[in-house]
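Visitor: One structure coming up, written as structure tokens, with questions to follow.
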Amino acid sequence: MRLLVVDDNTKLRQLLVGLFTGARYTVDAVGSAQDALDAMAVANYDLVLMELALPDSDGTGLVRAMRRQGIGIPVLIGSSVSDLERRIEALDDGANDYMVKPFSSDELLARVRALLRRPPSMLNRVISIGNVSLDMKSRALRVDGDSLDMPRREIAVLETLMRNRAKLVAKRTLEEAVYSFDEEVSPNAIEAAISRVRRRLDVAGASITINSSRGLGYTLSERPS
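Going by this note's numbering, the first residue of the sequence shown is number 2, and it counts up by one from there.
Here you go:
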């Protein structure tokens, strides 16, 4: 596992590198947002530990830039900024966890392990497949950059399929993602929802398709080029 530490405090960077190296991670450390983006352009990281107060950018700006560029690496904010609104802003902008300095080394390592255990599809704020993207915060769906309106239940169906790209998703799984316990589900509700989603995607020129496996479920994949 390779980690990237982004903090302008040289002494703290050295301490974090020592901590993670001792925990058998490969670690790179930089002191600015631009250096972080440059590092991510040439190396594959499994997690980024980031300070909010950087000399060339607010940390939330760096997180937003990463997500806009489709960089879905888990981001753990470790910052002396304890203001609740800033913490909420950072998480809403795409960070996956937030710790206030000073923090325990053991807790930091535990949170890193927890983030690294999560499937990538659960970490990304924006899920993108082909020319289709779904923003998990705003629930905004786009095809080739153009907004596509879709009702809540159809969005839930599409989200579940996108999170399980190329995997067979059982009808029961889709029902559980779309309907609450107290809602009645008609026998063909999911089939009807899948049909509507397919139609909307086709009309919008989406490069993804939903395939049915009779009696088993559904699989979402990109159309052959």
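Glycine included, each C-beta is placed from N, C-alpha and C at the ideal position.
Taking 7 Å as the limit between beta carbons, can you name the residues of its chain near Y46, skipping five residues before and five after?
Guide: R3, L4, L5, I74
Visitor: Enumerate, from N- to C-terminal direction, the unbroken alpha helix (DSSP H) stretches of 4 or more residues contained entirely within the region 166-221.
Guide: 172-179, 190-205
Visitor: Find out if the Cβ-Cβ distance for the pair L116, L48 is shorter than 8 Å.
Guide: Against a cut-off of 8 Å, the Cβ pair of L48 and L116 comes out as a contact.
Visitor: S148 by DSSP, collapsed to three states: which one?
Guide: Three-state result, S148: strand.
Visitor: How is the alpha helix (DSSP H) around G62 delimited, first residue to last?
Guide: 60-69
Visitor: May I ask which residues mark the beginning and end of the alpha helix (DSSP H) holding R14?
Guide: 11-23
Visitor: Just verifying my parser: in three-state terms, what is the DSSP assignment at M163?
Guide: helix
Visitor: Which same chain residues, not among the five before or five after K172, have their C-beta less than 6 Å away from its C-beta?
Guide: I191, G218
Visitor: Counting only the same chain and skipping the five closest in sequence on each side, list residues whose C-beta sits under 6 Å from that of A205.
Guide: V144, L149
Visitor: Give the single residue among G32, D203, I89 whose Cα lies nearest to the Cα of A54.
Guide: G32
Visitor: Are the Cβ atoms of R114 and Y99 separated by less than 8 Å?
Guide: no
Visitor: From the DSSP secondary-structure annotation, give me the bridge partner or partners of S134.
Guide: Paired residue(s): S129, R143.
Visitor: Who does I78 pair with in a DSSP beta bridge?
Guide: M51, Y99
Visitor: Taking the straight line between their C-alpha atoms, what separation do you get for V133 and R119?
Guide: 23 Å
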